[in-house]
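Same order as they appear, the protein sequences are chains A and B.
Using the numbering used here, you'd call the opening residue of the first sequence number 1 and step up by one each time.
Using the numbering used here, you'd call the opening residue of the second sequence number 1 and step up by one each time.
A virtual CB, placed ideally from N, CA and C, is assigned to each residue, including glycine.
For clarity, every value in this text was computed on a predicted model and none was experimentally measured.
A short worksheet on the structure shown next.
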Amino acid sequence: MDSIQIAVRLKTPDPEAVTVMNAFRSMGLQLPPLKLQRHTLWQFQVMEGGKDTVSAIAGHFTDIVNPNKHIWCFAETGSALDGEDADLQWTGIVVRDHQNSESNNWTELLNRRGFPVKSVRLGALWRFGYLTDSDEALIQKMAMDLSVSRTRTGGLLSNPVSQEVSIWI
Amino acid sequence: MPRAAVIRFPGSNCEFETAGVLRNSGVDARIYNWNDIEILSDNRADAYVLPGGFSFQDRVRAGVIAARERIMDLVFEEAMNGKPVLGICNGAQVLIESGLVPGWKPGSIQGALAGNLAPGRSGYLSGWVYIKPSPAAVSKCPWLQAMNGEPLPVPIAHAEGRFVFREEDMEKVKGLIGLKYCGADGSEPEGWPDNPNGSALDIAALMNAEGNVLAMMPHPERCFHLWQVPPDLRGVWGETRRNASIKSLEDTPGPGAVVFHGLAKYLGVRNG
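Given below as structure tokens:
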């Protein structure tokens, strides 16, 4: 059994990321990220075929990857994602719902279509780009603080009551 | 005449009918844009309504960006002063993300309106459901005080309408239930479709402890008039609609009117 993740993003500037950056600016952060990218993160538990199976899924379902508007890549923790600015230091945050109909429905759909997938889990991967000389622990903490909404003036990207957040290392 | 402020964010789409039904109930209603904070601050209203729609295109999470707008500072302050505040659908999502509801510690996020959870379905859902108020809510919530406990049919239209709370808060939540989903006869729902989104404790609307703030997922403004009720709806309201004459349809209140009549009663412009 392989756990394989892919990150899917828009070819065009992501309006959601633009909105979040604007919101960050209005929060008066001392050190806001210089860039922010949003990806949809698909995690597949694949019973056979590994990356070939996932590539076939990504090539088959335009609801997952629409080649007219999306770019996708395999997302492996610890490595940069395709297209990221090498002049910046990146850290990532993954936001996933505790419970999510869509993940279950995709698992059932893929099984019905004969893809050997045990489970699918959907999430959002937010990549924060900071200056390269930034302290890694510090930028991870800042990204996490910006990501968890504990108060109405605090973080933004996840509601801790219904979602879980983790650092993408 | 008492005045209600309907707050419009970019992407709101129910502000005109919401203001219309407030006026029809005897409350002067005006629409304010999200950046009209100075104007509204100088002309405080007697009640505030956050209408339905897709504020900021539901980016990140429904309601979260609007909740951080400066105008919500004013709504927050007015809510703390005891003014009636109603959030309908996207407005309810804004109230939850503002920490006004459940509001045990105002400003802290203590609940969520998560994505619908239903077997074999995901995403946006629209249709008619039945709701009924909790006795506690009728006694202390301005928006629900004109209700008599009977089940009411109302439309829903949302993708993120599932009330979620931390396990340790579930007991406290029970005291804040404003409206619950139910069967057409008022019976306890047996999952989907009576409870259309998997909401905890079958909650359709939740209030704060004081009862002046109500976060409501169904759309009462979309069934303010009897003519808005589909004739093929099951239950008493469908039958009333089928039996109504064309002429009477124009003036007869629908099931959602009771929410706005409740506010009018609270503000002293209506008896019942």
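Burial state of residue i (16 or more Cβ within 10 Å)
i                      : result
residue 62 of chain A  : exposed
residue 274 of chain B : With chain B represented from 1 up to 272, any question about residue 274 of chain B goes unanswered, as that position is not in the structure.
residue 72 of chain B  : buried
residue 38 of chain A  : buried
residue 132 of chain B : buried
residue 114 of chain A : exposed
residue 18 of chain B  : buried
residue 171 of chain B : exposed
residue 222 of chain B : buried
residue 116 of chain B : buried
residue 137 of chain A : exposed
residue 69 of chain B  : buried
residue 158 of chain A : buried
residue 47 of chain A  : exposed
residue 233 of chain B : buried
residue 7 of chain B   : buried
residue 149 of chain B : exposed
residue 246 of chain B : exposed
residue 242 of chain B : exposed
residue 311 of chain B : Not covered by the structure: residue 311 of chain B. The range shown for chain B is 1 to 272.
residue 67 of chain A  : exposed
residue 96 of chain A  : buried
residue 9 of chain A   : buried
residue 65 of chain B  : buried
residue 4 of chain B   : buried
residue 190 of chain B : exposed
residue 61 of chain B  : buried
residue 176 of chain A : As displayed, chain A neither begins before 1 nor continues past 169, which places residue 176 of chain A out of reach and without an answer.
Within chain B, the residues that residue i reaches when beta carbons sit closer than 8 angstroms
i                      : result
residue 102 of chain A : 115, 122 and 123
residue 159 of chain A : 61, 64, 97, 109, 112 and 114
residue 97 of chain A  : 114 and 115
Beta-carbon neighbours of residue i, restricted to chain A and to distances below 9 angstroms
i                     : result
residue 98 of chain B : 152
Within chain A, the residues that residue i reaches when beta carbons sit closer than 7 angstroms
i                      : result
residue 164 of chain B : 161 and 162
residue 118 of chain B : 101
Contact list for residue i against chain B, beta-carbon separation under 7 angstroms
i                      : result
residue 156 of chain A : 60 and 64
Listed by chain order, chain B residues near residue i by CB distance under 9 angstroms
i                      : result
residue 166 of chain A : Those do not exist, as residue 166 of chain A stays about 17 angstroms from chain B at its closest Cβ, beyond 9 angstroms.
Any non-hydrogen atom of the ligand GTP within 7 angstroms of residue i CB
i                     : result
residue 40 of chain A : The model depicted lacks the ligand GTP and carries no ligand whatsoever.
Residues of the stretch 6–26 of chain A in Cβ contact with chain B at a cutoff of 8 angstroms, in chain order, please. Correct list: 15, 16, 19, 20, 23 and 26.
What are the residues of the stretch 53–71 of chain B that lie near chain A, defined by any Cβ-Cβ distance shorter than 8 angstroms? Of all residues in the stretch 53–71 of chain B, 56, 57, 59, 60, 61, 64, 65, 67 and 68 have a Cβ within less than 8 angstroms of some Cβ in chain A.
For the structure I just gave you, are there three or more beta carbon pairs, one from the stretch 112–120 of chain B and one from the stretch 149–165 of chain B, closer than 8 angstroms? Yes, the stretch 112–120 of chain B is in contact with the stretch 149–165 of chain B.
At what residue ranges does the stretch 72–137 of chain B contain a whole run of the alpha helix (DSSP H), taking only runs of 4 or more? The qualifying runs are 90–98.
Does the contact criterion of 3 or more C-beta pairs under 8 angstroms hold for the stretch 97–104 of chain A versus the stretch 120–140 of chain A? yes
Could you pull out every unbroken alpha helix (DSSP H) segment of at least 4 residues lying fully inside the stretch 164–252 of chain B, listed in chain order? 170–174, 236–243 and 246–251
Which residues, taken in chain order from the stretch 152–176 of chain B, show a beta carbon closer than 7 angstroms to some beta carbon of chain A? 164, 165 and 166
May I ask you to list, following chain order, the residues of the stretch 103–124 of chain A that have a beta carbon less than 7 angstroms from some beta carbon of chain B? 105
Is the number of C-beta pairs between the stretch 212–224 of chain B and the stretch 138–146 of chain B that are closer than 8 angstroms three or more? yes
Secondary structure, beta strand (DSSP E): runs of 3+ residues fully inside the stretch 41–66 of chain B: 47–50
If contact means a Cβ-Cβ distance below 7 angstroms, which residues of the stretch 213–231 of chain B contact chain A? none
Cβ pair count under 8 angstroms reaching 3, the stretch 23–33 of chain B against the stretch 73–88 of chain B: no
Taking only beta carbons into account, state which residues of the stretch 132–151 of chain A come closer than 8 angstroms to chain B, listed in chain order. 149, 150 and 151
Is there contact here, the stretch 177–188 of chain B with the stretch 129–149 of chain A, by at least three beta-carbon pairs under 8 angstroms? For the pair of segments examined, the stretch 177–188 of chain B was found not to touch the stretch 129–149 of chain A: the number of CB pairs separated by less than 8 angstroms stays below three.
At 4 residues or longer, what runs of the alpha helix (DSSP H) sit wholly inside the stretch 56–138 of chain A? 101–112
Just checking, does the stretch 253–262 of chain B make contact with the stretch 143–159 of chain B on the three C-beta pairs under 8 angstroms criterion? yes
Inter-stretch contact (C-beta, 8 angstroms, three-pair minimum) for the stretch 150–164 of chain A and the stretch 69–76 of chain A: no
Using 8 angstroms as the threshold, is the stretch 192–212 of chain B in touch with the stretch 95–106 of chain B, meaning 3 or more CB pairs across them? yes
Would you check if the stretch 84–99 of chain A and the stretch 49–63 of chain A touch, i.e. whether three or more CB-CB distances between them fall below 8 angstroms? With the cut-off at 8 angstroms, the stretch 49–63 of chain A and the stretch 84–99 of chain A do not touch.
At a cut of 8 angstroms, does the stretch 84–95 of chain B reach the stretch 47–63 of chain B through at least three beta carbon pairs? yes
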